[in-house]
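Sequential numbering of the sequence shown, starting at 4, is according to my numbering.
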Amino acid sequence: MEDFRKGAVVVDFKRFFKSNGFKLFSACCFIAVGISILSFVPGANFVSEVVDYIVTPMQMVLNNFSNVATSVLPKTQKSADEYEKEIKDLKTELVRMRTILTDYYEVKRENAQYLKFYGFKKQNKSLKFKTAEVISRDPNDLFYGFTLDKGSSDGICENDPVITENGLLGRVSVVKKHSCRVKTILSPGYKMGAIDSVTGDSGVVTGKKSLADGNKTALMYISAQNKIKSGDIIVTTGLGGICPKGLPLGSVVEIKNDDYDSSFYAVIEPFDDIKSIVDVFILTDFSGKGDIAAELLPSKVADR
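Structure, rendered in structure tokens:
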């Protein structure tokens, strides 16, 4: 049995010495020994020079590639703080751009408003005004009154006319330090002398409950022989110092009979949708401004 094992070991050693692995190992050993011997022989430095000559260009190529890759490829690993800072910066920039866009549209709207108002201002050089913006509306007001962002600290007074570039909207009814309340021409409590710019027929503009929801008001107390027709422009007379003469109030829609006394009145549609107006002008001074003629409109009309 022992002889058999010895024989098997001898056979394995023979196979090992004949294998490719042993041959490769032997070759590496011979090369290593040869290089070691040559290093001690004078003039044998050419071996290391040859190796340097072959390896150095390859190292340069690899280094250059590494540098290019480093400069071109983005940094893929970032800390959580870096990502958080980038998100915060982007949000800040988004808010800034939204603010710029909002300001742009506001300035554009105001410029268009001033451009149209400029023509009226040229004809009424004595006008002084403040620009204002609607900041709230009373949902319980059936005649769509609103509050503006200007008050007594801005020189606003009670009864100052409130207009747009298209015409008259109403008057200031209540003044606070930094805001004021406006009563519109849709209200029965509003009183204004007016005239048909085409025919010269005159009357009194005041609101009616039946017309307010449709953004309409009325020219009351017109003559039975009036020549007013649909499409005529109704303007202010300027009497009583209530507001400047010639402010547009709206256009005539139709002529109707009053249900109470069979008198005639004209249905007037303002040039602005008073229920949704945003930007206005408050007239603080104008030629002919004076005391309000409270007796201008009979009290019975205000109750309708």
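Even glycine gets a Cβ: it sits at the ideal position worked out from N, Cα and C. Since we're looking at a predicted model, the values are computed, not measured.
Endpoints, alpha helix (DSSP H) assigned at residue i
i    : result
A135 : Per DSSP, A135 belongs to no alpha helix (DSSP H); it is in the beta strand (DSSP E), K131 to R140.
Per-residue DSSP class, three states only, for residue i
i    : result
K212 : helix
I237 : strand
G244 : helix
S279 : helix
V201 : coil
I159 : coil
D288 : strand
L145 : coil
D306 : With a pLDDT of 39 at D306, under the threshold of 50, the modelled position of this residue cannot be trusted, and the question is left open.
Rounded C-alpha distance that separates residue i from residue j
i    : j    : result
R140 : A83  : 48 angstroms
F289 : V98  : 42 angstroms
K211 : G244 : 24 angstroms
F132 : I90  : 46 angstroms
I231 : G173 : 23 angstroms
K278 : L145 : 10 angstroms
M195 : G241 : 9 angstroms
V207 : V178 : 25 angstroms
I271 : D262 : 17 angstroms
L286 : T150 : 16 angstroms
C160 : T95  : 42 angstroms
F274 : S233 : 14 angstroms
N229 : N143 : 36 angstroms
S226 : S156 : 44 angstroms
V283 : A135 : 5 angstroms
C183 : T239 : 23 angstroms
T209 : D92  : 56 angstroms
D204 : I198 : 6 angstroms
M223 : I237 : 12 angstroms
K248 : Y268 : 21 angstroms
G158 : V201 : 36 angstroms
L250 : E257 : 20 angstroms
V185 : D276 : 15 angstroms
N162 : D235 : 27 angstroms
V175 : D152 : 12 angstroms
H181 : V137 : 13 angstroms
C246 : P164 : 6 angstroms
G253 : G154 : 27 angstroms
L3   : E85  : Any property of residue 3 remains undetermined from this structure, which presents the chain solely from 4 to 307.
Residue burial classification, residue i (beta-carbon count within 10 angstroms, cutoff 16)
i    : result
M100 : exposed
K88  : exposed
S265 : exposed
I166 : buried
G148 : buried
K259 : exposed
V255 : buried
V281 : exposed
E168 : buried
G291 : exposed
G293 : exposed
Element boundaries [beta strand (DSSP E), containing residue i]
i    : result
L172 : G170 to V178
C183 : C183 to T187
A227 : No beta strand (DSSP E) contains A227, which DSSP labels as neither H nor E.
N260 : P251 to N260
Y268 : F267 to E272
P164 : P164 to T167
Check: residue i C-beta below 6 angstroms from any heavy atom of the ligand SAM
i    : result
P251 : Here there are no bound small molecules, and the ligand SAM is not part of this structure.
For this session: May I ask you to verify whether the stretch 204-216 touches the stretch 182-193, counting CB pairs closer than 8 angstroms and requiring at least 3?
Result: yes
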